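Undergrad: Before I ask anything, here is the structure I am working with.
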Amino acid sequence: MKKVITYGTFDLFHVGHLNLLRRAKELGDYLIVAVSSDAFNASKGKKAYHSIEDRVKILEAIEYVDEVILEESWNQKIDDILSNNVDIFVMGDDWKGEFDYLKDYCEVVYLPRTEGISTTKIKRDLKVG
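If you want it as structure tokens, here you go:
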């Protein structure tokens with residue numbers, strides 16, 4: 001079984017998130033999604049609109065997602081890859097090169113973002129109205 005893992009906050013869930021999850025799942029048989037906890041987001045100076053509990057529920061309801069785990073720190077990725085026997089690490093291409101150090105542990109794939117949509121854009125657009 002080929003396992004894939006991806007990470008993110010997945011707040012204000014949109015079609016770009018869905019496309020990423022679908023394409024990540026197409027790379028393997030089992031998709032693990034590590035969702036950033038509220039505490040981890042706070043340590044990065046970010047605040048999600050939806051609570052971690054709600055973001056986990058949303059992700060668990062998506063047909064492409066087989067398992068949801070919490071991301072509590074930047075440093076847990078190697079442990080997650082090893083403890084879950086992950087074959088492929090996936091991120092959006094806006095992170096290109098940032099996780100190449102993981103190539104010692106698994107394949108690293110950067111997927112293209114969905115054009116015209118992002119959580120940042122949604123937040124910016126909502127402030128206009």
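Going by the UniProt record's numbering, the sequence shown opens with residue 1, and the numbers climb by one from there.
Here a beta-carbon is modelled for each residue, glycine too, at the ideal position from N, C-alpha and C.
Just so you know, these numbers come straight off a predicted model, no measurement behind them.
1) In angstroms with no decimal places, state the Cα-to-Cα distance between G129 and D94.
2) Buried or exposed, going by whether 16 or more other CB atoms sit within 10 Å of the CB of R124?
3) Checking the sheet assignment: what are the DSSP bridge partners for F89?
4) Is the beta carbon of T9 less than 8 Å from the beta carbon of A24?
5) If you count every other CB in all the chains shown that lies within 10 Å of the CB of K3, and 16 or more means buried, which is it?
6) Shorter than 8 Å from the beta carbon of F99 to some beta carbon of chain C?
7) Kindly list the residues whose CB is nearer than 7 Å to the CB of N84, restricted to its own chain and excluding five residues on each side of it in sequence; keep chain order.
8) With distances taken Cα to Cα, identify the nearest neighbour of I88 among N75, S73 and D104.
9) Relative to the alpha-carbon of V108, which residue among E115, T120, I81 and K44 has its alpha-carbon at the smallest distance?
TA: Reading off the structure:
1) Residue mapping note: residue 129 aligns to position 129 of the sequence shown, counting from 1. Residue mapping note: residue 94 aligns to position 94 of the sequence shown, counting from 1. No answer about G129 holds up, because its pLDDT of 46 lies below 50 and its placement is not dependable.
2) Within the sequence shown, numbered from 1, the residue matching residue 124 stands at position 124. Around the beta-carbon of R124, fewer than 16 other beta-carbon atoms lie within 10 Å, marking it exposed.
3) For the purposes of this step, residue 89 is identified with residue 89 of the sequence shown, where counting begins at 1. Answer by DSSP bridge pairing, in chain order: I5 and V108.
4) Stepping through the sequence shown from its first residue, residue 9 is reached at position 9. Stepping through the sequence shown from its first residue, residue 24 is reached at position 24. Not in contact: T9 and A24 (Cβ atoms no closer than 8 Å).
5) In the sequence shown, counting from the first residue as 1, residue 3 sits at position 3. Buried, because 16 or more other Cβ atoms sit within 10 Å of the Cβ of K3.
6) Checking the listed chains, one finds no chain C in this structure; it contains a single protein chain.
7) What you label residue 84 is simply residue 84 of the sequence shown in a count that begins at 1. Counting only residues of its own chain and dropping the five nearest sequence neighbours on each side, N84 has a CB closer than 7 Å to the CB of K3, I5 and I32.
8) Counted from its first residue, the sequence shown places residue 88 at position 88. The residue with the shortest Cα to Cα distance from I88 is D104.
9) Position 108 of the sequence shown, counted from the first residue, corresponds to residue 108. The alpha carbon of V108 has as its nearest neighbour, out of E115, T120, I81 and K44, the alpha carbon of I81.
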